[in-house]
Amino acid sequence: MAFSSEERKRYARHLDLPGFGAHAQERLRAGRAMVVGCGGLGSPALYYLAAAGVGLLGLVDSDKVDISNLQRQILHATPDIGRPKVDSAVARLRALNPHVRLSAHEEHLTADNARELFAPYDVVLDCTDNFAAKYLINDVCVALKKPFIHASISGFCGQLLTVLPGKSACLRCLFPAPPPLAAPEASPSAGPLGTIPGVLGSLQAVEAIKFLAGIGAQLTDVLLTYDGLEVEFRPIHAKRNPDCPACGAGAKPKE
Ligand SMILES: [Zn+2]
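FYI, in the working numbering the residues of the sequence shown are 196 to 450.
Below you can see the structure in the form of structure tokens.
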């Protein structure tokens with residue numbers, strides 16, 4: 196379907212961008228991305244994916260907006276305090292780009308609902324803030340062979356990894372289990388400095404846009420770490436682990 200004149204104006208910078216253009220923009224419009232978490236990482240990721248014109252965005256979050264969120268969760272504003280995060284996120288994204296379809300789920304991601312929630316989407320963005328959710332997303336996406344983009348933040352630092360199940364290293368290939376001293380429900384996101392999730396969530400959006408548009412390379416088999424205090428991006432090269440409990444040869448298929 197051709198772009199309307201309004202869409203051509205809206206996406207003019209993409210349509211004129213060498214290496215992007217109408218073909219990539221059309222693919223983006225046909226693309227479907229699920230964003231789990233509408234907080235620090237999800238705010239910039241959702242904002243940029245909606246602005247870019249991704250066709251369908253899924254949102255999952257069971258939290259309500261708290262005043263302490265506003266230091267970093269830029270989808271939400273002071274009048275939204277007490278409101279479900281998915282509601283204020285949908286209102287903000289709809290105002291930004293009415294062409295994007297939004298599917299909001301005000302619920303907690305669990306082993307029971309994850310498969311059904313992820314099924315309609317081409318790619319999943321892990322914008323959660325706790326180890327239990329991150330390992331659940333890894334395991335469900337590996338089982339569904341669903342590409343996903345992991346990010347995690349703590350203090351002044353963050354990390355990023357794109358996973359193409361069956362083709363590239365998954366989170367458990369690198370870290371078979373959550374850190375031993377951390378309870379699974381523990382949050383890795385001490386602090387953080389408010390702009391750190393902005394950096395990592397924006398990088399997740401870049402990865403998702405390239406994947407959906409079919410351009411460029413993906414951050415696979417490389418864990419990219421960012422240290423905001425030392426001003427350092429460092430790639431840590433990884434390989435699939437044949438003994439990985441999620442994607443290795445001996446992994447038990449999950450029902
Ligand atoms: Zn693995």
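Beta carbons are placed, not taken as given, at the ideal position from N, Cα and C, and that holds for glycine. For clarity, every value in this text was computed on a predicted model and none was experimentally measured.
A check of alpha carbon separations from Ala306 across Tyr330, Glu202, Phe428 and Val285 identifies Tyr330 as the nearest. Counting the other Cβ atoms within 10 Å of the Cβ of Ile262 gives fewer than 16, which makes it exposed. Counting along the chain, Thr390 sits inside no beta strand (DSSP E); it lies in the alpha helix (DSSP H) bounded by residues Thr390 to Ala408. Those residues that have a beta carbon less than 5 Å away from any non-hydrogen atom of ligand 1 are, in order along the chain, Cys365, Arg367, Cys368, Cys439, Ala441 and Cys442. Looking at the backbone, the Cα of Lys405 and that of Pro374 are separated by about 31 Å. With fewer than 16 other beta carbons inside 10 angstroms of its own, Leu424 counts as exposed. Assigned with DSSP and collapsed to three states, Phe198 falls in coil, not helix or strand. Counting other Cβ atoms within 10 Å of its Cβ, Gly411 stays below 16 and is therefore classed as exposed. Straight through space, the alpha carbons of Arg429 and Ser349 are spaced by roughly 16 Å.
For the options Val417, Pro440 and Val318, the alpha carbon positioned closest to that of Leu244 is the one of Val318. Boundaries of the alpha helix (DSSP H) harbouring Pro239: Gly237 to Ala247, taken from the DSSP string.
In chain order, Tyr242, Ala245 and Ala246 place their CB closer than 8 Å to the CB of Leu291, counting only its own chain and leaving out the 5 sequence neighbours on each side. Counting every other CB atom within 10 Å of its CB across the protein chains shown gives Lys340 a total below 16, marking it as exposed. Residue pairing of Ser347 in beta bridges, as defined by DSSP: Gln354. Within the same chain, Phe351 come within 6 Å of Leu388 by CB-CB distance, once the 5 residues on both sides are set aside.
When Cβ pairs closer than 8 Å are counted between the two stretches, the segment 282-289 is seen not to touch the segment 309-328, the count staying below three. Here DSSP, grouped into helix, strand and coil, assigns Ala306 to coil. DSSP lists no bridge partner for Thr273.
When the beta-carbon positions are compared, Arg310 and Val335 come within less than 8 Å of each other.
In terms of Cα proximity to Gln413, the closest of Val295, Pro342 and Glu201 is Pro342.
By the Cβ rule, the segment 225-238 counts as touching the segment 246-255, because three or more pairs are nearer than 8 Å.
Looking at Gly353, Ala228, Gly443 and Asn308, the one whose alpha-carbon comes closest to that of Val295 is Ala228.
Between Cys365 and Ala240 a beta carbon distance of about 20 Å is seen, past the 8 Å cut, so the two are scored as non-contacting. When the five nearest sequence neighbours on each side are left out, the beta carbons in the same chain lying within less than 6 Å of the beta carbon of Ser238 are those of Gln268, Ile269 and Leu270, in order along the chain.
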